[in-house]
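Below: one structure, written as structure tokens.
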Amino acid sequence: MIKNICCIGAGYVGGPTMAIIAQKCPGIKVTVVDLNEKRIADWNDPNVDNIPIYEPGLSAIVAEARGRNLFFSTEVDKAIDEAEMIFISVNTPTKTYGVGKGMAADLKYIELCARQIARVAKTDKIVVEKSTLPVRTASAIKSILDHTGNGVKFQILSNPEFLAEGTAVEDLLAPDRVLIGGDSNEDGQKAIQSLVNIYANWVPKEQILTTNVWSSELSKLTANAFLAQRVSSINAMSELCEKTGADVNEVARAIGMDSRIGSKFLKSSVGFGGSCFQKDILNLVYIAKSYGLNEVADYWEQVIIMNDHQKRRFAKNIIKTLYNTVSGKKIAFLGWAFKKDTNDTRESAAIYVADDLLAEQANVVVFDPKVNENQIYYDLNYLESRAEEENKKGLTVSTDPYAACKDAHAIAILTEWDEFKTYDWQKIYNQMQKPAFVFDGRNLLNKKELEQIGFVYQAIGS
Ligand code: UDX
Ligand code: ADP
Numbered sequence: 001m002i003k004n005i006c007c008i009g010a011g012y013v014g015g016p017t018m019a020i021i022a023q024k025c026p027g028i029k030v031t032v033v034d035l036n037e038k039r040i041a042d043w044n045d046p047n048v049d050n051i052p053i054y055e056p057g058l059s060a061i062v063a064e065a066r067g068r069n070l071f072f073s074t075e076v077d078k079a080i081d082e083a084e085m086i087f088i089s090v091n092t093p094t095k096t097y098g099v100g101k102g103m104a105a106d107l108k109y110i111e112l113c114a115r116q117i118a119r120v121a122k123t124d125k126i127v128v129e130k131s132t133l134p135v136r137t138a139s140a141i142k143s144i145l146d147h148t149g150n151g152v153k154f155q156i157l158s159n160p161e162f163l164a165e166g167t168a169v170e171d172l173l174a175p176d177r178v179l180i181g182g183d184s185n186e187d188g189q190k191a192i193q194s195l196v197n198i199y200a201n202w203v204p205k206e207q208i209l210t211t212n213v214w215s216s217e218l219s220k221l222t223a224n225a226f227l228a229q230r231v232s233s234i235n236a237m238s239e240l241c242e243k244t245g246a247d248v249n250e251v252a253r254a255i256g257m258d259s260r261i262g263s264k265f266l267k268s269s270v271g272f273g274g275s276c277f278q279k280d281i282l283n284l285v286y287i288a289k290s291y292g293l294n295e296v297a298d299y300w301e302q303v304i305i306m307n308d309h310q311k312r313r314f315a316k317n318i319i320k321t322l323y324n325t326v327s328g329k330k331i332a333f334l335g336w337a338f339k340k341d342t343n344d345t346r347e348s349a350a351i352y353v354a355d356d357l358l359a360e361q362a363n364v365v366v367f368d369p370k371v372n373e374n375q376i377y378y379d380l381n382y383l384e385s386r387a388e389e390e391n392k393k394g395l396t397v398s399t400d401p402y403a404a405c406k407d408a409h410a411i412a413i414l415t416e417w418d419e420f421k422t423y424d425w426q427k428i429y430n431q432m433q434k435p436a437f438v439f440d441g442r443n444l445l446n447k448k449e450l451e452q453i454g455f456v457y458q459a460i461g462s
């Protein structure tokens, strides 16, 4: 029985996952470590509402387990030394340099972790890959660990995380499945079993799948590619709907009732964002190309091309509708996060739409219920499209949605936050420039209601 777990990386994956394991397994000591001191200090904030990741239900779970068997620390070596099982949940961004730039996953953080484990470990360990990794990463980790020369035995497991942000707690509590990949030899099977036993504390055994390592690694990339492909497919139809007078919501409903297609993940939008979809597909494309499978690579790359087109097309449509000029016009953004119920903004469509509008000298004002000003400027500056002062001049952040919309020529809905539906839209209308436009990138608001008030309302796909 495993009694001591450590998780390297206190991010969107490591933090929530370990909180649930600690809650469901009070007999296991769970220590989450990170190099980022501020992040760890925030996880330890006496007021649990200040933990660094916003997820519905998460703070209550942290409040229950923290200090009992859940700990957050910057002492990486100590936690590695004491643990029998080590989860690696560090980030694997797309490479920004060298071979595979813009496509392959950058594995330097993973390799650093492996080297650190190799250096510190004095007893046998099970190392679990939790971050999404390119196929065959486990063998690289194993090679580093096996050559340490201090006689310690390592087992490497792949245990990809399928939680979606915004619903992380419910996804972790009741996962569709848990996937664990490991070696087929006796030691490998024993390691798999010890991880199965942890999940079996709350997940029915039939839903815990065990496979070889490569299948597990590739399943994660495949799942994300299929999900993203559904979004790009419905978004491709959204453009055709706009031209033909069909309504993408009606089309989605009609096809979703076919049990072979299913109704989920058919919501047309301004484009998918998040840390996974784009990165994982680029990675899949890179892997396919590296095996010379050009048709496979091109097939999946089209999902990204379609998504980029959708973001660009949304911005272009705003400009065109506002009489081909947005120069000096105030455009209010409702939402900056890549989806509702999260403060994560990685790859959010809002960033790219803002960038395009700023290039046309619009005056963008952003309101998001959970994303702070620093993050918004960080995201925009990261694109390096213009000087930071220019971004500050062109875009401002408001903490009040009504103030954000006041005197605006148009409102763009970029995130589907539920609270936007409850706003006093008559009041918002009264305070705007006329004609007052709403560009709904999420099909969130009620067309009839807004048109009755007097808005010119345009939603994606209708
Ligand atoms: C995704 C996978 O769902 C999850 O299994 C994996 O572990 C990580 O990547 P996440 O990125 O957190 O999760 O959120 P998800 O709900 O999948 O949404 C991704 C993006 O697609 C968001 O920008 C969302 O708004 C968009 N989306 C999703 C749509 O535009 N339409 C849909 O129908 C569904
Ligand atoms: P994810 O969404 O995959 O969880 P995040 O970026 O939110 O990604 O979290 C990854 C975390 O891993 C970051 O907080 C980062 O500081 C941490 N990290 C990266 N490399 C190391 C390392 N070698 N040791 C400890 N923590 C690390």
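The letter at position 357 of the sequence shown is residue 357 when you use the numbering used here, and the numbering goes up by one with no holes. Virtual Cβ for every residue (Gly too), placed ideally from N, Cα, C. Just so we're clear, the structure is a prediction, and the values are computed from it rather than from any experiment.
Which partner residues does residue i have in the DSSP bridge list?
{"i": "alanine 412", "result": "Phe333, Phe439"}
{"i": "glycine 181", "result": "Ser158, Thr211"}
{"i": "alanine 246", "result": "None; alanine 246 has no bridge partner."}
{"i": "arginine 66", "result": "Leu70"}
{"i": "methionine 237", "result": "Answer is none; methionine 237 lacks a bridge partner."}
{"i": "methionine 306", "result": "Per DSSP, none; premise fails for methionine 306."}
{"i": "leucine 221", "result": "In DSSP, leucine 221 forms no bridge with anything."}
{"i": "alanine 254", "result": "Looking at the DSSP assignment, alanine 254 forms no beta bridge with any residue, so it has no partner."}
{"i": "threonine 31", "result": "Cys6, Phe71"}
{"i": "methionine 85", "result": "Ile5, Ile126"}
{"i": "phenylalanine 367", "result": "Leu334"}
{"i": "threonine 94", "result": "Ala105"}
Quick check: the Cα distance between residue i and residue j, rounded to an integer number of angstroms?
{"i": "alanine 200", "j": "aspartate 81", "result": "26 Å"}
{"i": "cysteine 7", "j": "tryptophan 425", "result": "46 Å"}
{"i": "aspartate 171", "j": "asparagine 443", "result": "24 Å"}
{"i": "threonine 342", "j": "serine 59", "result": "13 Å"}
{"i": "lysine 339", "j": "lysine 153", "result": "42 Å"}
{"i": "aspartate 258", "j": "asparagine 159", "result": "32 Å"}
{"i": "tryptophan 43", "j": "proline 56", "result": "16 Å"}
{"i": "valine 371", "j": "leucine 322", "result": "27 Å"}
{"i": "isoleucine 86", "j": "lysine 125", "result": "7 Å"}
{"i": "cysteine 113", "j": "valine 76", "result": "10 Å"}
{"i": "glutamate 449", "j": "aspartate 368", "result": "23 Å"}
{"i": "asparagine 185", "j": "asparagine 212", "result": "10 Å"}
{"i": "valine 466", "j": "glycine 151", "result": "Outside the modelled stretch of the chain, which goes from 1 to 462, sits residue 466, for which no answer is possible."}
{"i": "valine 285", "j": "arginine 313", "result": "24 Å"}
{"i": "isoleucine 261", "j": "alanine 236", "result": "17 Å"}
{"i": "valine 120", "j": "glutamine 155", "result": "16 Å"}
Here's a check: name, in chain order, each residue in its chain whose Cβ is nearer than 7 Å to the Cβ of residue i, leaving out the five neighbours to either side.
{"i": "valine 203", "result": "Pro175, Val178"}
{"i": "isoleucine 453", "result": "Trp425, Gln426, Tyr429"}
What would DSSP say about residue i, mapped onto helix, strand or coil?
{"i": "serine 215", "result": "helix"}
{"i": "glutamine 361", "result": "coil"}
{"i": "alanine 387", "result": "coil"}
{"i": "lysine 108", "result": "helix"}
{"i": "glutamate 129", "result": "strand"}
{"i": "threonine 137", "result": "helix"}
{"i": "serine 317", "result": "Before going on, a small fix: residue 317 reads as asparagine here, not serine. Helix at asparagine 317."}
{"i": "leucine 163", "result": "coil"}
{"i": "cysteine 113", "result": "helix"}
{"i": "glutamine 465", "result": "Outside the shown range of the chain (1 to 462) lies residue 465, about which nothing can therefore be said."}
{"i": "asparagine 294", "result": "helix"}
{"i": "methionine 432", "result": "coil"}
{"i": "tyrosine 377", "result": "helix"}
{"i": "phenylalanine 272", "result": "coil"}
{"i": "threonine 399", "result": "coil"}
{"i": "alanine 459", "result": "strand"}
{"i": "glycine 328", "result": "coil"}
{"i": "lysine 264", "result": "coil"}
Leaving out five residues before and five after residue i in sequence, what residues of the same chain have Cβ atoms less than 8 Å from its Cβ?
{"i": "serine 327", "result": "Glu360, Gln361, Ala362"}
{"i": "glutamine 431", "result": "Tyr402, Cys405, Lys406, Asp407"}
{"i": "leucine 240", "result": "Ala246"}
{"i": "leucine 357", "result": "Ala315, Ile318, Ile319, Val326, Ile331, Val364"}
{"i": "isoleucine 392", "result": "First, the amino acid is wrong: residue 392 is lysine here, not isoleucine. Excluding sequence neighbours, lysine 392 sits near Tyr377."}
{"i": "alanine 104", "result": "Thr94, Lys95, Pro134, Leu282, Asn283, Tyr286"}
Leaving out five residues on either side along the sequence, give the residues of the same chain with a beta carbon under 6 Å from the beta carbon of residue i.
{"i": "serine 238", "result": "Val248, Ser268, Ile460, Gly461"}
{"i": "isoleucine 192", "result": "Ile180, Gly182, Thr210"}
{"i": "lysine 482", "result": "Residue 482 is absent from the model: the chain starts at 1 and stops at 462."}
{"i": "valine 296", "result": "Ala288"}
{"i": "isoleucine 351", "result": "Asp379"}
{"i": "serine 398", "result": "Val365, Phe367, Ala404"}
*When the Cβ atoms of the region 416–423 are set against those of the region 374–387, are three or more pairs found closer than 8 Å?*
A contact is defined here as three or more CB-CB pairs under 8 Å, and the region 416–423 fails this definition with respect to the region 374–387.
*asked:* With a threshold of 8 Å, are at least 3 pairs of Cβ atoms found where one atom belongs to the region 276–284 and the other to the region 242–260?
replied: Counting C-beta pairs closer than 8 Å gives fewer than three between the region 276–284 and the region 242–260, which falls short of the contact rule.
*asked:* Could you check whether the region 86–102 touches the region 52–63, counting it as contact only if at least three pairs of C-beta atoms, one from each stretch, sit closer than 8 Å?
replied: Cβ pair count under 8 Å is below three, so no.
_Validate contact between the region 59–76 and the region 18–27 using beta carbons, cut 8 Å, 3 pairs_ = Result yes; three or more Cβ-Cβ pairs closer than 8 Å.
_Across the region 135–148 and the region 115–123, are there enough close Cβ pairs to call them in contact, namely three or more that are closer than 8 Å?_
Touching, yes, given that three or more Cβ pairs across the two stretches are closer than 8 Å.
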